[in-house]
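Chemist: Its first residue numbered 897, the sequence shown is counted upward by one per residue in our numbering.
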Amino acid sequence: MTAEPVTHPDTAPASDALLARARAVIPGGVNSPVRAFRSVGGTPRFMERAQGPWLWDADGRRYLDLVCSWGPMILGHAHPEVRAAVTEAAADGFSFGMPTAREVALAEEIVARVEPVEQVRLVSSGTEATMSAIRLARGFTERSVVVKFAGCYHGHVDALLASAGSGVATFGLPDSPGVPASAAGETVVLPYNDVPALEAAFAERGSQIAAVITEAAAGNMGVVPPEPGFTDALRRLTREHGALLVSDEVMTGFRCSPSGWLGLEGVPEGGAPDLFTFGKVMGGGFPAAAFGGRADVMARLAPDGPVYQAGTLSGNPVASAAGLATLQRCTDEVYQRLDEVSEALAAAVTDAFTRHGIPHRIQWAGSMFSVFFREGQVTGYEAAKDQDAALFGRFFHAMLRRGVHLPPSCFESWFVSAAHDDEAVEHAVRAIGQSAAEVA
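(1) Are the CB atoms of Arg-1225 and Leu-1002 nearer to each other than 7 Å?
(2) Hey, Trp-1310 and Phe-1265: beta-carbon distance below 7 Å or not?
(3) Considering just the uninterrupted stretch of the beta strand (DSSP E) at Leu-1057, what are its terminal residues?
(4) For Gly-1035, which residues of its own chain have a beta-carbon under 7 Å away from its beta-carbon, when the five flanking residues on both sides are left out?
(5) CB Thr-1083 to CB Val-1120, shorter than 7 Å?
(6) Would Met-994 count as contacting chain D if we go by Cβ distances under 7 Å?
(7) Do you know whose CA, among Gly-1211, Ala-1206 and Ser-1103, lies nearest Phe-1182's CA?
(8) When burial is assigned at 16 or more other CB atoms within 10 Å of the CB, is Ile-922 buried or exposed?
(9) Note the first and the last residue of the continuous beta strand (DSSP E) segment covering Thr-1083.
(10) Does Arg-1257 come out as helix, strand or coil in the three-state DSSP assignment?
(11) Would you call the segment 1132 to 1147 and the segment 972 to 982 in contact, with 3 or more CB pairs under 8 Å?
(12) Just checking my contact of Asp-1054 with Ile-1109 at CB under 8 Å: how many whole Å lie between their CB atoms?
(13) Within the same chain, show all residues whose beta-carbon is closer than 6 Å to that of Ser-1238, passing over the 5 residues directly before and after it, in chain order.
(14) In the DSSP assignment, what are the bridge partners of Val-1000?
(15) Ala-981 and Ala-1221: beta carbons closer than 7 Å?
(16) Here's a check: name, in chain order, each residue in its chain whose Cβ is nearer than 7 Å to the Cβ of His-1252, leaving out the five neighbours to either side.
(17) Is Gly-1355 helix, strand or coil when you go by DSSP?
(18) In chain order, which alpha helix (DSSP H) runs of at least 4 residues are fully inside the segment 1144 to 1210?
(19) Answer with buried or exposed for Pro-1303, where buried requires no fewer than 16 other C-beta atoms within 10 angstroms of its C-beta.
(20) Could you name the residues of the same chain whose beta carbon sits closer than 8 Å to that of Ser-911, not counting the 5 residues immediately before and after it, in chain order?
(21) Name, in chain order, the residues that DSSP records as bridge partners for Glu-1044.
(22) Within the present structure, is the beta-carbon of Leu-1160 separated from the nearest heavy atom of the ligand GDP by less than 6 Å?
(23) Quick one: Cα of Thr-1227 to Cα of Ala-986, how far?
(24) Based on Cα-Cα distance, which residue from Leu-1130, Ala-1097, Ala-1093 and Ser-1103 lies nearest to Glu-1111?
(25) Taking the alpha helix (DSSP H) that Met-1264 falls in, what are its first and last residues?
(26) Considering only residues of the segment 991 to 1037, which uninterrupted alpha helix (DSSP H) runs meet the minimum length of 4 residues and lie entirely inside it, listed in chain order?
(27) For Val-1214, count neighbouring Cβ atoms within 10 angstroms of its own Cβ and tell me buried if that reaches 16, exposed if not.
(28) Taking all protein chains shown into account, decide if Val-1016 is buried (16 or more other Cβ within 10 angstroms of its Cβ) or exposed.
(29) Quick check on this structure: which residue in Gly-1329, Glu-1308, Val-1325 and Arg-917 has the alpha carbon closest to the alpha carbon of Gly-1115?
(30) For Leu-1086, which residues from the same chain have a beta carbon less than 8 Å from its beta carbon, with the 5 sequence-adjacent residues on both sides left out?
(31) Nearest to Arg-1298 by CA position, among Val-1325, Leu-1141 and Glu-1278, is which residue?
(32) Does the separation of the CB atoms of Ser-1040 and Phe-1187 fall below 7 Å?
(33) Go ahead and pull the three-state DSSP assignment for Thr-939.
(34) Out of Leu-960, Leu-1018 and Arg-958, state which residue places its alpha-carbon closest to the alpha-carbon of Glu-999.
(35) Would you grab the beta carbon distance between Val-1142 and Ala-1025 for me? Rounded to a whole angstrom, and I think it's under 8 Å.
(36) Restricting to Cα atoms, I'd like to know which of Arg-979, Ala-1320 and Gly-1074 is closest to Pro-949.
Below, the structure written as structure tokens:
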């Protein structure tokens, strides 16, 4: 066994000082709201470096990372072969604003891994991918209404930032100021995993619906996989009414399996989704994302078609090199290790929480899992919200003191990497047991 980990103090002077500086020039001191620790309290840790499964903050403290940059670091931080690919690409130039061989190779890798995807367009963020996919679906169908599900988050796109889970759920905001009523009015929000509600929506507005967008397996209200038959119903109803089905695999893509959630669940009855969105793992930690699908749908994009979409840094050569190097190293052995690590951590939670009488429910999407601080199955957003967020906050800080950095929201997935070795697992298991005893 490894030595007993040092217990970190609750105060973090260097991070406090950086937060004070940041607040003067950045709203809230952070560039993405969940980083602010508002739902758990305390000072967000400003990180200085990372290696393998470990992070070091501005105070020089080491933490086991169970955030993994919210999913992309599937191989661990600063993987030597990915770093070498990035260094080589950067030496050739950072950005050209012109096509490169590296972006072609990355697109070919994605198409090879996800069989229904015939063509992809590279972009710079998951938000941009979903925004573009919705625009393309509307242009292809010549309709305007989009159906989404409560608790599913598809980036901060105006039309999709309604009952969106994740950061919005953390702050208790059902919608966002700044989203015009005209945009929200073209979005139908339904309960996740509710086939009768979906059927009713299509019965009422089927001829107006351009697309249904869904997280392939929801990960932004905690992990909530689709119930058996739900994805089949999505495919059946969209086909019957001439709408497109958009599967958001920004989080699950290449994380759940070599071909994402589709590789686990399989192609729905009636055929694959028409469009997919990808991000996170496919960028290897760099700003990169993609949307793609059927060739006839993708042909509607400019320059071949009338639906406009563009981006100066789309297909950036350094980001493409990082993404390609990461995907090429996502082997069967990597996915096996992800499963082993996540199962060990989940078993430790179950054992410790049961022993100390802490209500909990663990749910899965491949190696992604989340711990709901409640009893009973979670099938949608309302159930996900019905948990003890205050208890999670106490557990979060107990783990942080023991050198384990969890996602700072009870609505997020825990992520592991192939670099989480036996030392890392032992560290986490010990911290889970001690933290559960502390907060019980």
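Heads up, the beta-carbon is just placed ideally off N, CA and C, and yes, glycines get one too.
Modeler: Reading from the atomic positions:
(1) For Arg-1225 and Leu-1002, no; Cβs fall outside 7 Å.
(2) Closer than 7 Å, so yes.
(3) No beta strand (DSSP E) holds Leu-1057; DSSP gives it neither H nor E.
(4) Arg-1196, Pro-1202 and Val-1203
(5) no
(6) Looking at the structure shown, chain D is missing, and only one protein chain is on hand.
(7) Gly-1211
(8) So Ile-922 ends up on the exposed side.
(9) 1083 to 1086
(10) strand
(11) no
(12) Going by Cβ atoms, the distance from Asp-1054 to Ile-1109 rounds to 14 Å, so no, they are not a contact pair.
(13) Ser-1263, Phe-1265 and Val-1312
(14) Beta-bridge analysis with DSSP links Val-1000 to no other residue.
(15) yes
(16) Correct list, in chain order: Ala-1332, Ala-1333 and Ala-1336.
(17) Limits of the chain in this structure are 897 at one end and 1336 at the other, which puts residue 1355 out of reach.
(18) The segment 1144 to 1210 contains these whole alpha helix (DSSP H) runs: 1156 to 1161 and 1191 to 1194.
(19) Answer is buried; the Cβ neighbour count reaches 16.
(20) Only Thr-939, Pro-940, Arg-941, Phe-942, Asp-953, Ala-954 and Asp-955 meet the Cβ criterion.
(21) According to the sequence shown, residue 1044 is Lys rather than Glu. When DSSP reads this structure, Lys-1044 sits in a beta bridge with Val-1085.
(22) Looking for the ligand GDP in the displayed structure turns up nothing, as the structure carries no ligands at all.
(23) Approximately 25 Å between the Cα atoms of the pair.
(24) Leu-1130
(25) Unbroken run through Met-1264 is the beta strand (DSSP E), 1264 to 1268; no alpha helix (DSSP H).
(26) Counting only runs of 4 or more, we get 997 to 1009 and 1022 to 1037.
(27) buried
(28) buried
(29) Glu-1308
(30) Val-1043, Lys-1044, Phe-1045, Ala-1046, Ala-1093, Leu-1094 and Ala-1097
(31) Val-1325
(32) no
(33) coil
(34) Leu-1018
(35) Not confirmed; about 10 Å, so no contact.
(36) Ala-1320
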